[in-house]
Amino acid sequence: MELTWQTIVPLLAIALATLIFGSLIMGLFGGNQMPVDGKTVLITGASEGMGLNVAKQLAAKGASIILVARNIGKLEIAIAAVKAEAKNPSTQRFHYISADVSKTDYATPLIADAIAWNEGRSPDIVWCIAGVANPALFVDMEMSSLRHHMDVNFYGTAEMSHTILREWLAPNAPIEKQPKHLIMTSSVVAFYTIPGYAPYAPAKWALRGLADTISQEVMLYPQNVKVHVVHPGTILSPGHIQEELHKPEITKILEESDPQQQPEVVAKAAINGLENGDYFVTVAWLGTLMKWGVMGGSFRNNWVVDFFGAWLVQIIWIFVQPDLHGKIRKYGKKHGHPSTYKH
Numbered sequence: 001m002e003l004t005w006q007t008i009v010p011l012l013a014i015a016l017a018t019l020i021f022g023s024l025i026m027g028l029f030g031g032n033q034m035p036v037d038g039k040t041v042l043i044t045g046a047s048e049g050m051g052l053n054v055a056k057q058l059a060a061k062g063a064s065i066i067l068v069a070r071n072i073g074k075l076e077i078a079i080a081a082v083k084a085e086a087k088n089p090s091t092q093r094f095h096y097i098s099a100d101v102s103k104t105d106y107a108t109p110l111i112a113d114a115i116a117w118n119e120g121r122s123p124d125i126v127w128c129i130a131g132v133a134n135p136a137l138f139v140d141m142e143m144s145s146l147r148h149h150m151d152v153n154f155y156g157t158a159e160m161s162h163t164i165l166r167e168w169l170a171p172n173a174p175i176e177k178q179p180k181h182l183i184m185t186s187s188v189v190a191f192y193t194i195p196g197y198a199p200y201a202p203a204k205w206a207l208r209g210l211a212d213t214i215s216q217e218v219m220l221y222p223q224n225v226k227v228h229v230v231h232p233g234t235i236l237s238p239g240h241i242q243e244e245l246h247k248p249e250i251t252k253i254l255e256e257s258d259p260q261q262q263p264e265v266v267a268k269a270a271i272n273g274l275e276n277g278d279y280f281v282t283v284a285w286l287g288t289l290m291k292w293g294v295m296g297g298s299f300r301n302n303w304v305v306d307f308f309g310a311w312l313v314q315i316i317w318i319f320v321q322p323d324l325h326g327k328i329r330k331y332g333k334k335h336g337h338p339s340t341y342k343h
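full-length UniProt numbering puts the sequence shown at residues 1 to 343.
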């Protein structure tokens, strides 16, 4: 068959329809993989934008919520809005904690506060959403900007992840059927970035590396913990308004056709993905396409070799990933809790 645009486009449409149908079928038979009714959820960056809308929607599903952000005034307004959405106002509880996620060791006292408020129990779900984006060309930016983005977007999430996993995976931590959920918020720029995101993209790519590592490490432990990464694109939030003020013109031109979503739409799509049990959660068609083509627009050594190599690797991973994960789980069962390993 001759490959022309007239034949390629219908084939792509059929492939896309098949993928969507397969996803829907998995959703129908898989059940809700992250029920929140009666659970306690801690959310950073929860005073506005995506974080606030996630909090409101999870409250509407029956979760008790701990909001984390820097500004106490905004937190007080936010917690009132979240309470108003409660599914069971008589039993759900709400709390806020003021904290700066860019500060070293911020997470340990924060989690201690959350546990004390939650009657000695750690949160069931921790969702790190706090972030910052101040686009600039690499040569134009100050190095302090790159460090600030790493402090907020990477270390802010890494510190929280480290602290909560030490609670959930401690030798004396309970082993429960229902998993705990650690959710990181990255970005579609972690799949492929464009000029202007030099201060921002490295931290989001780093989160992918961290998540890929610890999502395998948790298999060593007897406790049930799931790790997820949400990859939103353009969110029409208060932070986006500030971002646009200084964004390079070339960046605006390159992303002018990208989907732009309201925070409540992003929150709903992200929650749907988590309820489906997704590891990489995307919230719009562009993010899903970028996820499928992880090489993105990176320069190829050889277009022909890399194209067919990418197809081949997808087949190889069908066999390699179960083998690797099987070895991890087998090692964990044989050698017990990692705290007993010799270092």
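Where a beta carbon is used, it is the ideal one built from N, C-alpha and C, also for glycine.
Task: Completely contained beta strand (DSSP E) runs for the stretch 80 to 106, where each covers 3 or more residues - done: Taken in chain order, the complete beta strand (DSSP E) segments of 3 residues or longer contained in the stretch 80 to 106 are 94 to 98.
Open item on the list: Using C-beta distances below 6 Å, list every residue in its chain close to Lys204, excluding the 5 sequence neighbours before and after it, in chain order.
Closed with: For this step, residue 204 is matched to residue 204 along the sequence shown. The answer, listed in chain order, is Ser186, Ser187, Val189, Ala190.
Task: Every unbroken beta strand (DSSP E) inside the stretch 164 to 219 [3 residues or more] - done: Runs found: 180 to 185.
Task: Bridge partner(s) assigned by DSSP for Leu42 - done: Working through the sequence shown from its first residue, we reach residue 42 at position 42. BP columns for Leu42 point to Ile66, Val126.
Open item on the list: Please tell me whether Ala55 and Ala46 are closer than 7 Å, where the distance is taken between their beta carbons.
Closed with: For the purposes of this step, residue 55 is taken as the residue at position 55 of the sequence shown. For the purposes of this step, residue 46 is taken as the residue at position 46 of the sequence shown. Yes. Within cutoff.
Task: CA-to-CA distance, Asp258 to Asn53, given in whole angstroms - done: For the purposes of this step, residue 53 is taken as residue 53 along the sequence shown, with counting starting at 1. For the purposes of this step, residue 258 is taken as residue 258 along the sequence shown, with counting starting at 1. C-alpha separation (whole angstroms): 22 Å.
- [ ] Kindly indicate which residue of Gly131, Gln92, Thr251, Val101 has the alpha-carbon position closest to the one of Ser64.
- [x] Translated into the one-based positions of the sequence shown, residue 64 becomes position 64. Per the Cα distances, Gln92.
TODO: Kindly indicate which residue of Val82, Ala86, Leu75, Ile43 has the alpha-carbon position closest to the one of Gly62.
DONE: Residue mapping note: residue 62 aligns to position 62 of the sequence shown, counting from 1. For the residues Val82, Ala86, Leu75, Ile43, the minimum Cα distance to Gly62 belongs to Ala86.
Open item on the list: DSSP three-state label for Val294, please.
Closed with: Along the sequence shown, one-based indexing puts residue 294 at 294. Val294: coil per DSSP, three-state reduction.
- [ ] Might you give, ordered along the chain, the residues of its own chain that have their beta carbon closer than 7 Å to the beta carbon of Phe154, omitting 5 neighbours on each side?
- [x] Position 154 of the sequence shown, counted from the first residue, corresponds to residue 154. Within the same chain, Phe154 has close Cβ partners Ala203, Ala206, Leu207.
TODO: Would you list the residues sitting across from His231 in a DSSP beta bridge?
DONE: Walking along the sequence shown from the start, residue 231 turns up at place 231. Answer is Thr282, bridged to His231.
TODO: Decide if Leu110 is buried, meaning its Cβ has at least 16 other Cβ atoms within 10 Å, or exposed.
DONE: For the purposes of this step, residue 110 is taken as residue 110 along the sequence shown, with counting starting at 1. With 16 or more other CB atoms across the displayed protein chains lying within 10 angstroms of its CB, Leu110 is buried.
Task: Neighbour-count burial assignment, Trp311, 16 or more Cβ in a 10 Å radius - done: To locate residue 311, count along the sequence shown from 1; it is residue 311. Trp311 comes out exposed.
Task: Distance CB(Pro263)-CB(Gly73) smaller than 7 Å - done: Position 263 of the sequence shown holds residue 263. Position 73 of the sequence shown holds residue 73. No, these two residues do not count as a Cβ contact at 7 Å.
Task: Span separating the alpha-carbon of Ser102 from that of Ala84 - done: Start at 1 with the first residue of the sequence shown, and residue 102 comes out as number 102. Start at 1 with the first residue of the sequence shown, and residue 84 comes out as number 84. Between Ser102 and Ala84, the C-alpha separation is close to 30 Å.
Open item on the list: Taking only three categories from DSSP, how would you classify Val225?
Closed with: Stepping through the sequence shown from its first residue, residue 225 is reached at position 225. Three-state result, Val225: strand.
Open item on the list: Could you tell me the alpha carbon to alpha carbon distance between Asp37 and Phe280, rounded to whole angstroms?
Closed with: Sequence index remark: in the sequence shown, residue 37 carries index 37 (1-based). Sequence index remark: in the sequence shown, residue 280 carries index 280 (1-based). Near 23 Å, if we compare the C-alpha coordinates of Phe280 and Asp37.
TODO: Would you identify the three-state DSSP class for Ala267, choosing helix, strand or coil?
DONE: Your numbering for residue 267 matches position 267 in the sequence shown. Of the three classes helix, strand and coil, the one that applies to Ala267 here is helix, per DSSP.
Open item on the list: Closest to Thr44 by C-alpha separation, out of Ile175, Gln321, Pro123, would be which residue?
Closed with: Position 44 of the sequence shown holds residue 44. For Thr44, the nearest C-alpha among the options comes from Pro123.
Task: Given 8 Å, three or more beta-carbon pairs between the stretch 120 to 139 and the stretch 234 to 252 - done: By the Cβ criterion, the stretch 120 to 139 is in contact with the stretch 234 to 252, since at least three pairs of Cβ atoms, one from each stretch, lie closer than 8 Å.
- [ ] Could you check which residue in Met34, Asn88, Val266 has the C-alpha nearest to that of Gly287?
- [x] On the sequence shown, residue 287 is found 287 positions in, with the first residue counted as 1. Minimum Cα distance to Gly287 is reached at Val266.
Open item on the list: Tell me the residue span of the alpha helix (DSSP H) that contains Gly31.
Closed with: As a position in the sequence shown, residue 31 is number 31, starting the count at 1. No alpha helix (DSSP H) holds Gly31; DSSP gives it neither H nor E.
Open item on the list: DSSP three-state label for Met1, please.
Closed with: Numbered from its first residue, the sequence shown carries residue 1 at position 1. Because Met1 sits at a pLDDT of 35, beneath the cut-off of 50, its placement in the model cannot be relied upon, and the point is left open.
Task: Endpoints, alpha helix (DSSP H) assigned at Thr251 - done: Residue numbering aside, residue 251 sits at position 251 when the sequence shown is read from its first letter. Unbroken alpha helix (DSSP H) run through Thr251: 249 to 254.
Open item on the list: Considering Cα atoms alone, identify which of Leu58, Val313, Asp100, Gly30 is closest to Trp292.
Closed with: Against the sequence shown, residue 292 aligns to sequence position 292. Nearest C-alpha to Trp292: Val313.
Open item on the list: DSSP three-state label for Gln260, please.
Closed with: Within the sequence shown, residue 260 is the residue found at index 260, counting from 1. The answer is strand: DSSP assigns Gln260 an E or B state.
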